[in-house]
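Take the sequence shown: its letters are residues 4 to 559, numbered as in our numbering. Every residue gets a Cβ at the ideal spot worked out from N, C-alpha and C, and that includes glycine. Down below is the structure, laid out as structure tokens.
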Amino acid sequence: MSGTGWDEQGENAPPAGGPAWGAPAGGAPFPPSPYGGVPASAAGSPYGGGYAPPGYAAGAETLTHGPTLLPAPRRRRGAVVAAGLAAALVVGGVGVGGYVATGLLGGGDQPEDHLPAAAVAMVKLDLDPSAGQKIDAIRFARRFPGGKDLREDGDPREWMWEKLTRDVEGAPPWSQASEWIGDRAALAVLPAAAGATEPEVVGVLAVTDEKAAVADMASLKNAGVAAADGWLVLARTDAAARAVVTAAQAAPLADERTFSEDLDRIGEDGVAAAWFDGPGVSALASASASSQALGGLPGCAGATAPAAPRVPGHGAVTLRFDGPSLELFGSVVGADATAAASGAGTGIEALPAGTLAGIGAAGLGPAVTKQWDQMLAQVSAATCEDAGDLVDIASTTVGLDLPGDLATLLGDTAAVSVGGPGADGTPSVGLKVTTSGAGLGDLVDTLSGLATDAGVPFTAKVVDGGYVAGTGPEALAALETPGAGLSAVPKFRGAAPDAGAASVVAFADVQGLLTAYGDTMPADARADLAPLDALGLTVVVAGGGEQTLRVRLTTR
């Protein structure tokens, strides 16, 4: 069948004398593609009837494979059930500990080759790793109660498919899906289709037999399906799925420079990856919010609804195994690093070695100073009140000069420690701040007085380089005692290896917390946490406007 756009063996060819899969009968034109494709006649389209990419003209080079689509009479509408199934495959695969291989993001056909360049976000994973990685990951998952029924000699795809499609109406059983399911899947967010206000959420799934996959997935309720080039597209409707095929063939996400550079920055391949374009996500959020706006706030004619959140920058994250640890690593470029915590060193390393949970941040004081006017403007716009007047009232009430005193109290570094229960059974909490400024002693006294007035057992005192505060004398003493701190604890170093260079660090000694407080937890929750050792999070502000995120989960 050379020149038709279908494979040479005709395995995916439509019925003789009839239209292409999903094409209107009698050569009727397709509606325009909302993702960049333009209608083409059955005679002139390289797809055998359907969409041609932008710029296509009769006589142009024929593509090697056209879309395999559902028969035209079927038209399902409603929620994005199929895309939800793809999401379950992606999220569920990662959630069981990631049975996918470290070769996920290496060579070969990738989901981004089959998603439109218009996508603003994507998450993907591999469904069939190498044998060695599969066994290691299954063993990891089996340490948790939810993975006990995984078999080392079995196909984890079967286990996942059966669990995740249990409540999906019309999903084919594994006995059918196993005949065509491929190795990779992804979920993506696209701009709203023409005439719509909500973004399109679509899924793609690699398949080995397009025709069988389409036939089996046709039973899904309230969803649309199409297939091309060895990939099944799952969307809200059949037409939406066809539009994705067309747009991806014309301009795939993989060819976008920002996308490829973002994935290059996250380095070593992992068990899954995700990508986002902040401006694109912000534009979709703004359009969606505008379509749902109801005007001013009740009782305040001049008030404006809060603007949709602005997502700055663009970047990617990967989830990967590092020995017995599971690590999420990401890189974002273009975000304003000085708008939040910034600087290297948070002070968390100097917290007491017995800290069970802690968090530290650098540069909170300067960040408050920088963002203060913007925050007041947003409050004023939403309340029809002069936020400055509200601040003046608050300042008089608490005895602080805002924002200056608040910036001093937050300081250059601030770290909070949570230890074991005190004599009264409540957690021991401490705060250590590196700061300076005129009247620091008075500010610390004011802070202690506010805590006392509120009935909080919290006292503070000035020390060299700043101040410390805690829930009692023991907490204060632990913060002031010299000697090895949290940085000397092996599980802290393992969970937060780049803490010294980070602007934000968080740490939890999972086993320590279970020992100290676990008797109040349900037995099943304790069982879920039992294999874990520690959790760490670090944010590093690097050069060139890049920020990196590392979340690391270590096991016993």
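* To do: Return helix, strand or coil for alanine 196, following the three-state DSSP convention.
  => coil
* To do: Grab me the residues of leucine 434's own chain with a C-beta within less than 6 Å of its C-beta, minus the 5 sequence neighbours each way, in chain order.
  => Same-chain partners within the cutoff: Val419, Ala472.
* Asked: Cβ of glycine 452 within 8 Å of Cβ of glycine 357?
  -> Taking 8 Å as the cut-off, the Cβ atoms of glycine 452 and glycine 357 do not count as close.
* Compare the Cα-Cα distances from serine 289 to each of Ala195, Phe324, Ala365, Leu359 and report the closest residue. => Ala195
* Is proline 327 closer than 8 Å to threonine 558 when the C-beta atoms are compared? -> yes
* **Secondary structure, beta strand (DSSP E): runs of 3+ residues fully inside the stretch 235 to 282** => 275 to 280
* Are the beta-carbon atoms of leucine 443 and alanine 463 separated by less than 8 Å? -> With contacts defined by Cβ atoms closer than 8 Å, leucine 443 and alanine 463 do not form a contacting pair.
* Who are the Cβ neighbours of alanine 120 in its own chain at under 7 Å, not counting the five residues just before and after it? -> Ala254, Pro255, Leu256, Asp258, Glu259
* To do: Could you tell me whether the stretch 507 to 514 touches the stretch 369 to 377, where touching means 3 or more Cβ pairs closer than 8 Å?
  => no
* Could you tell me the distance, in whole angstroms, from the CA atom of tryptophan 234 to the CA atom of phenylalanine 279? => 22 Å
* Note the first and the last residue of the continuous beta strand (DSSP E) segment covering aspartate 445. => From DSSP, aspartate 445 is part of no beta strand (DSSP E) but of the alpha helix (DSSP H) over 443 to 456.
* For the putative contact between glycine 475 and serine 431, defined by C-beta atoms under 8 Å, what is the C-beta separation to the nearest angstrom? -> 7 Å
* **CA nearest to the CA of aspartate 186, picked from Val543, Leu208, Ser334** => Leu208
* To do: Specify the secondary structure class of alanine 533 as computed by DSSP and reduced to three states.
  => coil
* To do: For leucine 517, collect the residues of the same chain with a Cβ closer than 7 Å to its Cβ; drop the 5 residues on either side in sequence, then sort them by chain order.
  => Arg529, Leu532
* Asked: To the nearest angstrom, how far is it from the Cα of alanine 498 to the Cα of arginine 553?
  -> A direct Cα-Cα distance of roughly 9 Å separates alanine 498 from arginine 553.
* **Distance CB(alanine 502)-CB(glutamate 352) smaller than 8 Å** => yes
* Would you kindly work out how many angstroms separate the C-alpha atoms of arginine 78 and alanine 216, rounded to a whole number? => Bear in mind that a pLDDT of 38 at arginine 78, under 50, signals an unreliable position, so the model cannot answer this.
* Asked: How would you call isoleucine 396, buried or exposed, if buried means at least 16 neighbouring beta carbons within 10 angstroms?
  -> exposed
* To do: Measuring alpha carbon to alpha carbon, tell me which of Leu479, His117, Gly548, Val447 ends up nearest alanine 191.
  => Considering only alpha carbons, the answer is His117.
* **Per DSSP, cross-strand counterpart(s) of arginine 187** => Asp129
* Distance, Cα to Cα, glycine 440 vs threonine 411? -> 7 Å
* To do: With DSSP as the reference, label lysine 435 as helix, strand or coil.
  => Lysine 435: strand per DSSP, three-state reduction.
* To do: Under 7 Å Cβ to Cβ from glutamate 182, same chain only, skipping five residues before and after it: list those, please.
  => Asp212, Ala215
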